[in-house]
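Data block below; observations after.
Put into structure tokens, the structure is as follows:
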């Protein structure tokens with residue numbers, strides 16, 4: 001069986017600057033994969049090239065049997081590869097409800113009402129804030145809204161880019177509890193995080209990225225078992 | 001100074017003119033207020049629409065009101081194509097480039113009109129051009145009343161599109177958060193072009209309502225575009241309700257200004273209000289504080 005997401009030799013960057021220098025990464029269906037690495041390693045660039053925001057210079061991206069290597073970002077969403085970006089990027093001038101409705105702009109629009117109920121079951125607090133403008137909510141609430149908006153598209157794979165960034169410790173715990181909940185529901189998750197400890201606790205496998213390429217891939221136990229890797233890349 | 005016998009008709013007249021201003025300004029609100037495309041070609045596009053209505057009447061005998069289903073979609077297609085094929089490509093997303101590109105487009109359109117139509121001012125004759133309707137003590141030209149009702153109707157339709165449809169939500173989303181919109185699969189280039197198309201479609205409707213009681217020449221758009229930019233800022237950048245009420249207000253101010261100060265000074269009140277708003281309420285009458 002082929003992988004849900006299969007990235008091979010992916011290169012990309014901005015202008016003349018190459019950021020991704022041949023990335024190989026796979027995610028199987030139902031798997032939670034952690035992508036770790038320090039600031040500037042190229043994690044967010046990888047996400048945005050995979051999602052069709054920036055063009056890939058070379059290499060291939062296959063998702064769910066489709067070739068998305070040069071696909072428009074609309075086709076990526078249509079295929080069910082949904083990214084919840086770093087910094088949330090909710091629509092600040094729209095209400096909570098409108099934000100969620102736009103989550104199903106491209107995919108699963110016909111099941112919008114049913115999916116709204118599902119999102120409210122996961123995030124009861126969003127239901128209390130339907131008419132509030134997203135820009136007036138706290139960072140934690142915006143993060144929940146961003147994830148809820150992503151879930152509205154019925155993702156086959158959810159990319160979460162730094163979901164715990166800027167949240168209080170209590171909210172970080174809540175966030176990882178939520179990711180666990182999504183994973184138990186059978187959703188494949190690619191978790192891009194700087195919070196190494198908690199990411200490795202819930203991940204099936206992990207990748208460590210450095211300088212635009214994958215330096216390690218394996219299980220969390222293997223990663224934590226190697227003193228060299230731990231010191232060099234994880235700061236643990 | 002004047003009794004209500006003059007004041008009231010002047011007020012009604014101002015409202016009818018104001019409704020058309022509002023319609024023109026609503027199109028600009030979508031393009032300039034929401035998407036921040038400084039569209040200097042807005043007036044020239046109105047002129048093109050007016051000539052289209054004129055030609056349909058003169059060449060094919062199509063009544064201006066019956067021309068609505070032709071001119072509105074036609075202007076929409078023109079707007080979509082202009083944004084997608086010329087403005088977007090030539091400007092590379094830079095505001096100052098957009099400004100120059102749309103200014104250039106307006107010069108091209110106005111001179112093309114000069115070439116084909118000369119600089120003559122043209123009007124059309126319809127059976128109802130001189131028909132008037134009594135509203136209380138006021139006698140109002142029928143085309144102006146139709147323009148008023150039509151402009152309000154189209155404005156309401158536009159408010160519904162922007163407020164209640166997925167396209168409208170996407171337009172507002174793209175205005176503030178392009179990256180987030182792309183990740184929801186919202187095609188940003190398409191949304192920009194749709195907005196531009198809808199903005200110009202408003203001008204198509206305005207042209208059909210205007211021409212029976214107005215005229216067209218290659219420079220006709222200039223006066224309207226100045227008023228439209230004023231209305232957009234007056235109402236509060238990007239506020240549709242603000243543009244609608246701002247347009248009506250400007251129409252009334254212009255009409256009453258004409259009454260008290262004479263026809264040639266009628267527009268002075270518009271800019272007096274405009275300057276006052278910029279000084280004391282820079283976010284506009286209905287705009288959110290920045």
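Residue numbers (the UniProt record's numbering), protein chains in the order written: chain A, 1 to 236; chain B, 1 to 290. We put the beta carbon where it would ideally sit given N, CA and C, even for glycine.
Closest to residue i by CA distance: which of the options is it?
| i | options | result |
| --- | --- | --- |
| residue 227(B) | 209(B), 251(B), 88(B), 100(B) | 251(B) |
| residue 217(A) | 160(A), 205(A), 226(A) | 205(A) |
| residue 19(B) | 82(B), 130(B), 247(B) | 247(B) |
| residue 22(B) | 154(B), 170(B), 212(B) | 154(B) |
| residue 65(A) | 80(A), 72(A), 57(A), 53(A) | 80(A) |
| residue 58(A) | 160(A), 7(A), 130(A) | 7(A) |
| residue 200(A) | 212(A), 221(A), 166(A), 187(A) | 221(A) |
| residue 2(A) | 22(A), 16(A), 26(A), 12(A) | 26(A) |
| residue 241(A) | 128(A), 212(A), 203(A), 46(A) | Missing from the structure shown is residue 241(A); chain A here goes from 1 to 236 and no further. |
| residue 140(A) | 197(A), 231(A), 95(A), 88(A) | 88(A) |
| residue 272(B) | 93(B), 131(B), 253(B) | 253(B) |
| residue 93(B) | 38(B), 135(B), 33(B), 140(B) | 38(B) |
| residue 219(A) | 38(A), 74(A), 155(A), 31(A) | 31(A) |
| residue 147(B) | 214(B), 110(B), 166(B), 117(B) | 214(B) |
| residue 147(A) | 47(A), 164(A), 198(A), 215(A) | 164(A) |
| residue 26(B) | 143(B), 197(B), 13(B), 121(B) | 197(B) |
| residue 44(A) | 210(A), 142(A), 172(A) | 210(A) |
| residue 283(B) | 62(B), 14(B), 242(B), 217(B) | 242(B) |
| residue 83(A) | 121(A), 109(A), 52(A) | 52(A) |
| residue 52(B) | 169(B), 35(B), 34(B), 74(B) | 74(B) |
To the nearest angstrom, how far is the alpha carbon of residue i from that of residue j?
| i | j | result |
| --- | --- | --- |
| residue 290(B) | residue 269(B) | At residue 290(B), the pLDDT of 44 sits below 50, so the modelled position is not reliable and the matter cannot be decided from this model. |
| residue 87(B) | residue 181(B) | 21 Å |
| residue 145(B) | residue 101(B) | 36 Å |
| residue 206(B) | residue 10(A) | 52 Å |
| residue 162(A) | residue 85(A) | 8 Å |
| residue 226(A) | residue 69(A) | 34 Å |
| residue 302(B) | residue 234(B) | In this structure chain B extends from 1 to 290, so residue 302(B) is not present and cannot be described. |
| residue 23(A) | residue 158(A) | 19 Å |
| residue 179(B) | residue 14(A) | 16 Å |
| residue 114(B) | residue 212(B) | 21 Å |
| residue 91(A) | residue 202(B) | 26 Å |
| residue 111(A) | residue 185(B) | 17 Å |
| residue 213(A) | residue 107(B) | 52 Å |
| residue 140(B) | residue 98(B) | 41 Å |
| residue 56(B) | residue 262(B) | 35 Å |
| residue 149(B) | residue 133(B) | 14 Å |
| residue 166(A) | residue 187(B) | 29 Å |
| residue 186(A) | residue 37(A) | 26 Å |
| residue 258(B) | residue 190(B) | 43 Å |
| residue 138(B) | residue 133(A) | 45 Å |
| residue 174(B) | residue 169(A) | 32 Å |
| residue 224(B) | residue 210(B) | 12 Å |
| residue 125(B) | residue 54(B) | 10 Å |
| residue 281(B) | residue 151(B) | 27 Å |
| residue 232(B) | residue 135(B) | 30 Å |
| residue 189(A) | residue 116(A) | 20 Å |
I'd like to confirm the pairing. Which residues does DSSP put opposite residue i in its beta bridges?
| i | result |
| --- | --- |
| residue 139(B) | 134(B) |
| residue 217(A) | 207(A) |
| residue 35(A) | 192(A), 207(A) |
| residue 281(B) | Per DSSP, none; premise fails for residue 281(B). |
| residue 12(A) | 20(A) |
| residue 83(A) | 159(A) |
| residue 67(A) | 62(A) |
| residue 7(A) | 25(A), 61(A) |
| residue 122(B) | 216(B) |
| residue 133(A) | 95(A) |
I think residue i touches residue j, with their Cβ atoms under 8 Å apart; what is that distance to the nearest whole Å?
| i | j | result |
| --- | --- | --- |
| residue 229(A) | residue 208(A) | 7 Å |
| residue 240(B) | residue 162(B) | 6 Å |
| residue 144(A) | residue 123(A) | 5 Å |
| residue 208(B) | residue 67(B) | 5 Å |
| residue 255(B) | residue 10(B) | 5 Å |
| residue 79(B) | residue 199(B) | 6 Å |
| residue 61(A) | residue 42(A) | The pair is not a contact, with the Cβ atoms about 15 Å apart (cut-off 8 Å). |
| residue 102(A) | residue 149(A) | 7 Å |
| residue 128(B) | residue 105(B) | Not quite, the Cβ-Cβ distance comes to about 34 Å (not below 8 Å), so this is no contact. |
Proximal residues, the stretch 72 to 106 of chain A versus chain B, C-beta separation under 7 Å: 73, 74, 77, 78, 83, 85, 89, 90, 91, 92, 93, 94, 98, 101, 102, 103, 105, 106
Where the stretch 43 to 73 of chain A meets chain B: residues whose CB sits under 7 Å from a CB there: Those residues of the stretch 43 to 73 of chain A placed with their C-beta closer than 7 Å to a C-beta in chain B are 51, 53, 73, ordered along the chain.
Residues of the stretch 80 to 94 of chain B with Cβ closer than 9 Å to any Cβ of chain A, in chain order: none
Short-range partners of chain B found in the stretch 138 to 149 of chain A, where Cβ spacing is below 9 Å: Among the residues of the stretch 138 to 149 of chain A, those with a Cβ less than 9 Å away from any Cβ of chain B are 146, 149, in the order of the chain.
Contacting positions in the stretch 164 to 177 of chain B - beta carbon closer than 8 Å to chain A: 166, 169, 170, 172, 173, 175, 176, 177
Cβ-based contacts, 8 Å cut-off: residues of the stretch 187 to 203 of chain B near chain A: 187
Interfacial residues, the stretch 236 to 252 of chain B to chain A, with Cβ spacing under 9 Å: 238
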